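Undergrad: Each residue of the sequence shown is one higher than the last, beginning at 276 in my numbering.
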Amino acid sequence: MRNLGFVEIALLSSLFVHFRIDSVSSLNSDGMALLSLLNHFDNVPLEVTSTWKNNTSQTTPCDNNWFGVICDHSGNVETLNLSASGLSGQLSSEIGELKSLVTLDLSLNTFSGLLPSTLGNCTSLEYLDLSNNGFSGEIPDIFGSLQNLTFLYLDRNNLSGLIPASIGRLIDLVDLRLSYNNLSGTIPESIGNCTKLEYMALNNNMFDGSLPASLNLLENLGELFVSNNSLGGRLHFGSSNCKKLVTLDLSFNDFQGGVPPEIGKCTSLHSLLMVKCNLTGTIPSSLGLLKKVSLIDLSGNGLSGNIPQELGNCSSLETLKLNDNQLQGELPPALGMLKKLQSLELFVNKLSGEIPIGIWKIQSLTQMLIYNNTVTGELPVEVTQLKHLKKLTLFNNSFYGQIPMSLGMNQSLEEMDFLGNRFTGEIPPNLCHGHKLRIFILGSNQLHGNIPASIHQCKTLERVRLEDNKLSGVLPEFPESLSYVNLGSNSFEGSIPHSLGSCKNLLTIDLSRNKLTGLIPPELGNLQSLGQLNLSHNHLEGPLPSQLSGCARLLYFDVGSNSLNGSVPSSFRSWKSLSTLVLSDNNFLGAIPPFLAELDRLSDLRMARNAFGGEIPSSVGLLKSLRYGLDLSGNVFTGEIPTTLGALINLERLNISNNKLTGSLSALQSLNSLNQVDVSYNQFTGPIPVNLISNSSKFSGNPDLCIQPSYSVSAITRNEFKSCKGQVKLSTWKIALIAAASSLSVVALLFAIVLFFCRGKRGAKTEDANILAEEGLSLLLNKVLAATDNLDDKYIIGRGAHGVVYRASLGSGEEYAVKKLFFAEHIRANRNMKREIETIGLVRHRNLIRLERFWMRKEDGLMLYQYMPKGSLHDVLHRGNQGEAVLDWSTRFNIALGISHGLAYLHHDCHPPIIHRDIKPENILMDSDMEPHIGDFGLARILDDSTVSTATVTGTTGYIAPENAYKTVRSKESDVYSYGVVLLELVTGKRAVDRSFPEDINIVSWVRSVLSSYEDEDDTVGPIVDPTLVDELLDTKLREQAIQVTDLALRCTDKRPENRPSMRDVVKDLTDLKSFVSTSGSVH
């Protein structure tokens, strides 16, 4: 074929274009509009392109059945349905050219951009569904022109702004769905004009203001959802017009007042949900008029008073959730009339008395959750006849008596938790008769007898807790499904069953404090996921099986207080994640195994009271993570302390007493974190390092230790040790000379006192003469006063309950914080305080503010501290101090760990223990490395006891434990509660009493309320976490760490003090969590 010339090609192209234009131009205007729309679509599926673009002969889109298009008899597009077609892109303005459009459904795609206002031209629209896309911007006001609209679905987009008031013109609207957007402002009153509305969903937006009163005009409304907004004001919902209302969900808002009694008029209600609405007052008896209601959920509010007996008239009720309120009194017997009731959830209230027998006879019951109350009484035999019962949780109540022995025989129990009651008798033998039991918890009761052997047949069992009872006998075989077992603090005998080694899912084994004998089964080494193994305080014997090295993920290993012998197997070097190793009180021998230096996550090493010997290897200094303790006491170690021990800069407790060690203590002088040291009964010589001289240090049995004369220590401390200059026998004439000099000194002192009082009577100024401190320190005081212009207000950097804090810059880089204490007029009390404050000055810990100096004056006292440049935790967490970036999770976790160390030291290592009494972020100061330092410890007791009425409650609102709300007595548990509140602040980023909370709600009740209604029970951080942490916590290991910290915070803030962990336990848990993340690395 010959080549075409340029002119010929141009002619052919012109003819082709002319043909296409003629073909397309044959389409009607609706067809052209559709093609224009198509040009703005992305990811168009084949079925659309094949029918819309490749047909050139039709005159209307329906001539060749365009995909998703239906036309009327005139060929105009009547329906456009491209739902769930995978489309994206924009919805262009050409949509407004489809003037005959009745139905438009573009739902379940990924369109974005603004909603075109030209949709207002489609005045024939009856059905508009743009839901489940990514549309943004505001709802066009012109949508009010679509007066034929009956269905409007704009839910699950990114729409913002207000609902236009013009929506009130849609008088034929039957179904309105705007949920899951970012809409804000008030719900317009004009919506009351849409009197045909049957379904309205406005939930999961940002609406505020009150519910419009016009909602009461919607007499056809059957379902109303406005949950998860910021609505407030008093509820005035419910009228004679709500007869058709079936579902009402007002949950997660900030209403004021109580449940409106008028809701009782909505007699067709099936579901009433008012979860976490900040509701107060009592539950209205009018709810008893709701004969058709199947679900009532009023959980997570502040409701008080008794449960109304009228609820027994709700004969269709299947689920009753009143948990997490402040309800009190006994359960009304009328609840036993609810013959269809399946789920009864009353946990975390103040309920008391016995459960009425009628409730135990409701045959439809599937779960009863009544934990964390003060309910009492015995479990009746009727509970064994509840054939559908799956979940029975009664923990932390006051139940007593025997558990019916036939429990489980007629049921398929899945979860039973009776922890923390006073049950007696034996464990029923058939709890797993239905072969579905997963959770089996009877810990902290008074049960006796054996564990039923039938437990081995329970193939679904995952969690067993029977600790702290009086159980005995031998341990049974356990099913392989087990993941957690705690049988500690009982009287079990015999050997550990080898079958435990077949439970490959086990994470925790705690058999401590029993009477177990025999060898440790080597089969336990098969448990590759095991994280905690506690066999301490038993009578186990023999060597440690080397096969335990198979537990490569072990974090905690405690076999202390047994009769084990031999050496530590070198195969244990596989425990790379180990943080705690306890071998104390056994018969182990030999040298410290060299491989221990490889366990670089180890934070607590206890090998006391064995027969370990030889020199302490220098490799111990490689254990840089040692912090919680190093205890080598009661062995036969010889030689000197290796200098490498000085590298353990984080170590807080050291015990090397009762060995045969020699040489000096100089290797310990760099360990500034030490707060408890015992080197007694060795053969040490030379001076005691100044950092070791404290009330928590023990040096007895080392006659050649001495103290340097230059040390600045108290007279009491100096008298306990001989001077390093040695003792020289004095001649008679020297003794006489000293006595004479002493007499002259006394006379001079008396003269000075008389002169002082005489000058005082002559009106001389005495403000600084009343300083009770060593004379050599007055110069420093003068510098401080000069640097602050005599404590001028312009140097104030903080104010507290007991005084004002000033910043003093003395030059040469010396900066101090000066706390001016306010005293009452009882100067005698102030003088008595001096010894107490001097004692505080002796307390040394890296996470405690160090008191440098103290001066007492006539009207006040001055305390000198090192200045903390980052301010308080409150500043950096809630104010973004100095414009710095928000705290990331790792920093928050380290802050939590540091605070726990400091508080644990006050509670467990000071004698007597120091109760802080006002733990809060303002009293936790941050140094330049973001290391926390607890301040004001000991002051609350000293100052409050001497200057405040005993009727006054001490502490800060939001941090005061429930048991201390009306009394001044404080305990360690009170501090633990306050610490738990601080943990919740670190996790959520909210204040203890936050403006975003409803009135009278604090962070503890807010967190518990949110989590109680959260669907994912395993994720206790998702709905509460600080939004700035969301991206960081996509790391699954960090997220798990945050979840565990939240759980720890909830344990710390348990309303029962006895259920809270000790601070020593808290430190241990957090240290293990730190090792968990460090070892596991990041996984997404």
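Quick reminder that beta carbons are idealized off the backbone N, C-alpha and C, glycines included.
The structure displayed is predicted, hence computed values, not measured ones.
#1: Consult DSSP for H1149 and reduce its assignment to one of helix, strand or coil.
#2: Going straight from the alpha carbon of F832 to that of P559, what length do you get?
#3: Excluding the five sequence neighbours on either side, which residues of its own chain have a C-beta within less than 6 angstroms of the C-beta of N1374, listed in chain order?
#4: Figure out for me which residue from K567, E593, L1085, V550 has the closest Cα to the Cα of L220.
#5: How many angstroms separate the CA atom of G709 from the CA atom of S561?
#6: Between A664 and L626, how many whole angstroms is the CB-CB distance? I'm expecting something under 8 angstroms.
#7: Any contact of the segment 1174-1185 with the segment 1334-1347, i.e. 3+ C-beta pairs under 8 angstroms?
#8: Which whole runs of the beta strand (DSSP E) in the segment 556-593 are 3 residues long or more, in chain order?
#9: Return helix, strand or coil for T1231, following the three-state DSSP convention.
#10: Give a yes or no on contact between the segment 1178-1190 and the segment 1139-1148, applying the rule of three or more CB pairs nearer than 8 angstroms.
#11: How big is the Cα-Cα spacing for P463 and I438?
#12: May I have a chain-ordered list of the beta strand (DSSP E) segments no shorter than 3 residues that lie completely inside the segment 467-545?
#13: Can you tell which of S774, L781, E701, T792 has the C-alpha that lies nearest to the C-alpha of E798?
#14: Which residue from T919, S1280, T461, Q642 puts its Cα closest to that of P1237?
#15: So what does DSSP say about G628, is it helix, strand or coil?
#16: Answer with buried or exposed for S1350, where buried requires no fewer than 16 other C-beta atoms within 10 angstroms of its C-beta.
#17: Please determine, among S998, N1169, C981, V965, the residue with the shortest C-alpha to C-alpha distance to R1119.
#18: Taking only beta-carbon atoms, is S454 less than 7 angstroms away from chain D?
#19: In this structure, does DSSP put Q691 in helix, strand or coil?
#20: Anyone know if the C-beta pair for R876 and S852 falls short of 7 angstroms?
#21: Which whole-angstrom value describes the C-beta separation of G371 and L355, a residue pair presumed to lie in contact below a C-beta threshold of 8 angstroms?
#22: Drop a sphere of 10 angstroms on the beta-carbon of A1083, count the other beta-carbons inside from all chains shown, and report buried for 16 or more, exposed for fewer.
#23: Work out the CA separation of N318 and S312 for me, nearest whole Å.
#24: T792 bridges to which residues according to DSSP?
#25: Using the Cα positions of H812 and S838, report the straight-line distance between them to the nearest angstrom.
#26: To the nearest angstrom, report how far apart L943 and I645 are at their CA atoms.
#27: Name, in chain order, the residues that DSSP records as bridge partners for M1138.
#28: Between which two residues does the beta strand (DSSP E) holding M1205 run?
#29: Tell me the DSSP bridge mates of S1084?
#30: Is it true that the segment 454-468 meets the segment 422-435, where meeting means three or more beta-carbon pairs spaced less than 8 angstroms apart?
#31: Suppose the cutoff is 6 angstroms on Cβ atoms and the five residues either side in sequence are ignored; what does the same chain contact list for P487 look like?
#32: Quickly, what does DSSP pair I1318 with across the bridge? List them, please.
#33: Below 6 angstroms CB to CB, which residues in the same chain sit around S764 once its five sequence neighbours on both sides are set aside?
#34: Which residue's Cα is closest to the Cα of G1086: D1067, T937, T1063?
#35: Pull up the distance between the alpha-carbon of L746 and that of L682, whole angstroms please.
#36: What whole-angstrom Cβ distance do L1323 and R1283 have, given they're in contact under 8 angstroms?
TA: Here's the rundown:
#1: helix
#2: 55 angstroms
#3: Outside the shown range of the chain, which is 276 to 1359, sits residue 1374, and nothing can be said about it.
#4: In this structure the chain extends from 276 to 1359, so residue 220 is not present and cannot be described.
#5: 40 angstroms
#6: Ala is not the amino acid found at residue 664; the sequence shown has Leu there. That pair is no contact at about 20 angstroms.
#7: yes
#8: 570-572
#9: coil
#10: no
#11: 7 angstroms
#12: 474-476, 498-500, 522-524
#13: S774
#14: S1280
#15: strand
#16: buried
#17: V965
#18: Going by chain labels, chain D is absent from the structure shown, which holds only one protein chain.
#19: The sequence shown places Met at residue 691, not Gln. Correct three-state label for M691: strand.
#20: yes
#21: At roughly 13 angstroms, the Cβ-Cβ gap does not stay under 8 angstroms, so G371 and L355 are not in contact.
#22: buried
#23: Reading off the sequence, residue 312 comes out as Leu, not Ser. Rounded to whole angstroms, L312 to N318 spans 13 angstroms at the Cα level.
#24: H814
#25: 9 angstroms
#26: 54 angstroms
#27: K1094, F1129
#28: From DSSP, M1205 is part of no beta strand (DSSP E); its letter is neither H nor E.
#29: E1090
#30: yes
#31: I462, E464
#32: Note: I1318 sits in no beta bridge, so no partner.
#33: E742, D743, R788
#34: T1063
#35: 19 angstroms
#36: Not quite, the Cβ-Cβ distance comes to about 14 angstroms (not below 8 angstroms), so this is no contact.
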